Amino acid sequence: MSRKYRTEQQKLSQLNAEVQEELDRVKLQREQIFGPLIWKDLPHLKIRILDLKPARYKDVLNLIKENYFEENLLFRNVQFSKDEQSVQSFLGRVSFICNYKQSIIAVDLDSDQIAGVLLLRAIPKGDCARIFSVVEIINGDAFKEVRRFVSQVTKKVNIYDYFGVDTYLEYVLLCVDQKYRRQGIGFEMMKCGNKIARSLRCPVIAGVFESNKFQKYAERIGMKILYLISYLDYKDEDGEMIFAEPGAGNYFCALMASEVRPPTPPPMPPPKDKFKIMEERKLTRVQRLAEIALEKSKSQRKTSVNA
0 MSRKYRTEQQ KLSQLNAEVQ EELDRVKLQR EQIFGPLIWK DLPHLKIRIL
50 DLKPARYKDV LNLIKENYFE ENLLFRNVQF SKDEQSVQSF LGRVSFICNY
100 KQSIIAVDLD SDQIAGVLLL RAIPKGDCAR IFSVVEIING DAFKEVRRFV
150 SQVTKKVNIY DYFGVDTYLE YVLLCVDQKY RRQGIGFEMM KCGNKIARSL
200 RCPVIAGVFE SNKFQKYAER IGMKILYLIS YLDYKDEDGE MIFAEPGAGN
250 YFCALMASEV RPPTPPPMPP PKDKFKIMEE RKLTRVQRLA EIALEKSKSQ
300 RKTSVNA
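Numbering that gives the first Met the number 0 numbers the first residue of the sequence shown as 0 and each following residue consecutively.
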């Protein structure tokens, strides 16, 4: 192999290395630009709340399938998990909402496992009819029963007219993995909804909350009850309760909403006048000490002369 050939090969290898380095740099920049937006860190739990990206849609569906149907009292009471047609129809609806790209997930920083998901969607007034015509195509008796009940709650109040707005952000579903519960992760995700609403310029947040726990979460982020329906009063044609076992403290399902809270302002710095006054006082004290020293020196001189 000639020296010239070896030299050309070395140059080519170096050029390839430089090209690969540049490609890696561009890839990293793209990941930083298009990567998930971090909404909140919970360092004490090693949890990060960030945007839900398409790469995690399958993980979200698995999380909901494994945890949500037995956690949600509406789904549990109609034995939703045993109705495969309802399950598939509901998961199809979840996939549809994920494509809005407005939902968030909580991720375990150690394992990269999804600890929870909050499905969100902004609903402009003009798109309301179109959205519901697509989303509300449902299959399965259990799913139809749940949607029939929820519609009894939502149709009583027109969010747009009540608040005088043209759009609002809907809290569709909150699900936390069983092993991550009782740590406040769900509440922290609901709090992030306010930030997301501001970023989407949605002046109102709203949702249907079936349990006392989630209703209290909603109250803590500023929502108020617009309409509620008692589980005891909701019965089938034979007078039998459909949601006969709602669980302790769960007496009603509530439609709740609120105007989006403004961001918390940063703490105000101390007024400049305060520093000025302190500085003036300090100078006055120094001057006073100088005057005392001068008077003492004069007194000593007089004593010395008189002596």
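No residue lacks a Cβ here, since even glycine has one placed at the ideal position from N, Cα and C.
On a predicted model such as this, the values are computed, not experimentally measured, just so you know.
{"Asked": "Would you call residue 238 buried or exposed, if buried means 16 or more other Cβ atoms sit within 10 Å of its Cβ?", "Found": "exposed"}
{"Asked": "Starting from residue 206, trace the beta strand (DSSP E) both ways and give me its first and last residue.", "Found": "203-208"}
{"Asked": "Taking residue 90 as the reference, which of 217, 66, 4 and 265 has the closest Cα?", "Found": "66"}
{"Asked": "Give me the residue from 264, 36 and 93 with the minimum Cα distance to residue 60.", "Found": "93"}
{"Asked": "Kindly indicate which three-state DSSP category residue 234 falls into: helix, strand or coil?", "Found": "strand"}
{"Asked": "Counting Cβ pairs closer than 8 angstroms, one from the stretch 250-264 and one from the stretch 217-234, do we hit at least three?", "Found": "yes"}
{"Asked": "Of all the options 88, 261, 183 and 157, which has the alpha carbon lying nearest to the alpha carbon of residue 146?", "Found": "88"}
{"Asked": "In or out: residue 15 buried (at least 16 other Cβ within 10 Å) or exposed?", "Found": "exposed"}
{"Asked": "Could you tell me whether the stretch 35-49 touches the stretch 75-82, using the rule of 3 or more Cβ pairs below 8 angstroms?", "Found": "no"}
{"Asked": "Spatial neighbours of residue 149 within its chain, please: C-beta separation below 6 angstroms, excluding the five flanking residues on both sides.", "Found": "207"}
{"Asked": "Quick one, are the C-beta atoms of residue 124 and residue 179 less than 8 angstroms apart?", "Found": "no"}
{"Asked": "Near residue 193, what residues of its chain come up, given a Cβ to Cβ distance below 7 angstroms and the 5 sequence neighbours on each side ignored?", "Found": "204, 220, 259 and 260"}
{"Asked": "Please return the same chain residues whose Cβ sits closer than 7 angstroms to the Cβ of residue 152, not counting the five positions on each side in sequence.", "Found": "207, 226, 228, 252 and 254"}
{"Asked": "Just reading off the beta strand (DSSP E) that residue 255 is part of, what are its end residues?", "Found": "251-258"}
{"Asked": "Could you work out which residue in 168, 215 and 169 is closest to residue 185 when comparing CA atoms only?", "Found": "215"}
{"Asked": "Checking 8 angstroms against the spacing of the C-beta atoms, do residue 55 and residue 136 come in under that value?", "Found": "no"}
{"Asked": "Can you check whether the CB of residue 173 is closer than 8 angstroms to the CB of residue 213?", "Found": "yes"}
{"Asked": "Where DSSP assigns a beta bridge to residue 116, which residues make up the other side?", "Found": "104 and 174"}
{"Asked": "Would you mind sorting residue 115 into buried or exposed? The rule is 16 or more other CB atoms within 10 Å of its CB.", "Found": "buried"}
{"Asked": "Who are residue 47's beta bridge partners in DSSP?", "Found": "40 and 106"}
{"Asked": "Does the distance from the CB of residue 51 to the CB of residue 36 come in under 8 angstroms?", "Found": "no"}
{"Asked": "Residues in its own chain within less than 6 angstroms of residue 139 by CB, not counting five upstream and five downstream?", "Found": "82, 84, 85 and 88"}
{"Asked": "Does DSSP classify residue 287 as helix, strand or coil?", "Found": "helix"}
{"Asked": "Out of 8, 189, 118 and 13, state which residue places its alpha-carbon closest to the alpha-carbon of residue 218.", "Found": "189"}
{"Asked": "Note the first and the last residue of the continuous beta strand (DSSP E) segment covering residue 80.", "Found": "First-last for residue 80: undefined, no H or E at that position."}
{"Asked": "Per DSSP, what are the beta-bridge partners of residue 222 in this structure?", "Found": "DSSP output for residue 222 lists no bridge partner at all."}
{"Asked": "What residue from 245, 291 and 195 has the CA that sits closest to residue 101's CA?", "Found": "195"}
{"Asked": "Give a yes or no on whether the C-beta atoms belonging to residue 210 and residue 72 are separated by under 8 angstroms.", "Found": "yes"}
{"Asked": "Classify residue 307 as buried or exposed, calling it buried when 16 or more other Cβ atoms lie within 10 Å of its own Cβ.", "Found": "Past the boundaries of the shown model lies residue 307; the chain is included only from 0 to 306, so the question cannot be answered."}
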